[in-house]
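Student: In the UniProt record's numbering, the protein residues as written are 1 to 240.
(1) Hey, would you say residue 112 sits closer than 8 Å to residue 55, going by beta carbons?
(2) Tell whether a beta-carbon distance below 8 Å holds between residue 183 and residue 237.
(3) Check each candidate in 42, 95, 64, 57 and name the one with the smallest Cα separation from residue 75.
(4) Hey, would you say residue 151 sits closer than 8 Å to residue 102, going by beta carbons?
(5) Ignore the nearest five residues each way along the sequence and tell me which others in residue 100's own chain have a CB closer than 7 Å to its CB.
(6) Buried or exposed: which applies to residue 193, given that a residue is buried once 16 or more other Cβ atoms fall within 10 Å of its Cβ?
(7) If you reduce the DSSP assignment to three classes, tell me which class residue 111 lands in.
(8) Kindly provide the ranges of any beta strand (DSSP E) runs that are 3 or more residues long and lie completely inside the stretch 189-216, ordered along the chain.
(9) Which parts of the stretch 95-174 are runs of the alpha helix (DSSP H), unbroken and 4 residues or longer, counting only runs that do not cross its ends?
(10) Kindly indicate which three-state DSSP category residue 86 falls into: helix, strand or coil?
(11) Which class does residue 238 belong to by DSSP, given the choice of helix, strand or coil?
(12) Under DSSP, the alpha helix (DSSP H) around residue 59 begins and ends at which residues?
(13) Name the two residues that bound the continuous alpha helix (DSSP H) containing residue 36.
(14) Under 6 Å Cβ to Cβ from residue 35, same chain only, skipping five residues before and after it: list those, please.
(15) Is residue 73 near the ligand ATP, with its Cβ less than 7 Å from a heavy atom?
(16) Apart from the five residues just before and just after residue 19, which ones in its own chain have a Cβ nearer than 8 Å to its Cβ?
(17) Between which residues of its own chain and residue 166 is the CB-CB distance below 8 Å, once the five residues before and five after are set aside?
Here it is in structure tokens:
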């Protein structure tokens with residue numbers, strides 16, 4: 001290779017180098033310019049930081065509203081038992097407390113499990129449709145996308161502390177009366193959560209970089225898999 005060719009190759013290599021983004025810059029651009037964070041993660045996947053936020057951040061958001069959550073969980077159990085014709089007074093001692101602790105445990109681990117499952121689903125579909133990315137990179141962009149859901153949960157936590165109502169909607173479901181809970185319409189409108197849609201849009205951008213596909217195709221995969229879950233939930237509500 002001649003000296004000029006060598007210099008040209010070095011210049012190309014330098015152009016390919018990704019500008020390092022700190023965790024703060026990744027978070028900033030995630031909110032303000034998500035394509036910049038997603039492009040960076042497609043070249044330099046980071047999974048530890050979002051996993052730590054999911055594992056420890058969501059539990060921390062439960063702590064300030066733990067008493068409200070306890071009342072909500074126990075009231076829901078008693079209402080369900082009454083609807084089934086069971087005598088609440090016949091409950092074994094400690095049943096409500098055990099149910100409450102189980103609900104807390106589920107709320108703590110579900111965001112992490114959901115992130116992993118959604119990463120697996122969109123990665124498999126992407127690979128089947130010709131994508132070239134790696135699972136770790138998909139896990140990275142989905143994990144960072146989940147920080148949007150964490151932001152939404154933080155806002156809902158503040159609203160809960162103000163209203164003393166554990167159930168807070170950031171979706172069109174807020175327009176429906178309490179009696180509509182559990183109906184197909186309520187289930188559908190609840191799925192149109194502002195932060196969930198925002199998260200899906202960001203993951204779409206990230207998936208297009210990771211698997212080197214158009215955003216239209218990435219959007220079909222991300223929103224399509226989400227829509228299937230919504231349709232299943234609405235169908236289940238219709239059969240009640």
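For glycine and all other residues, C-beta sits at the position ideal for the given N, C-alpha and C.
These figures come from a predicted structure and were not determined experimentally.
Tutor: Taking the geometry as given:
(1) yes
(2) yes
(3) 95
(4) no
(5) 70, 73, 74
(6) buried
(7) helix
(8) none
(9) 95-128, 135-163
(10) coil
(11) helix
(12) 58-62
(13) 34-43
(14) 205
(15) By its list of ligands, the structure shown contains no ligand whatsoever, and the ligand ATP lies outside what it can speak to.
(16) 40
(17) 65, 68, 69, 71, 72, 160
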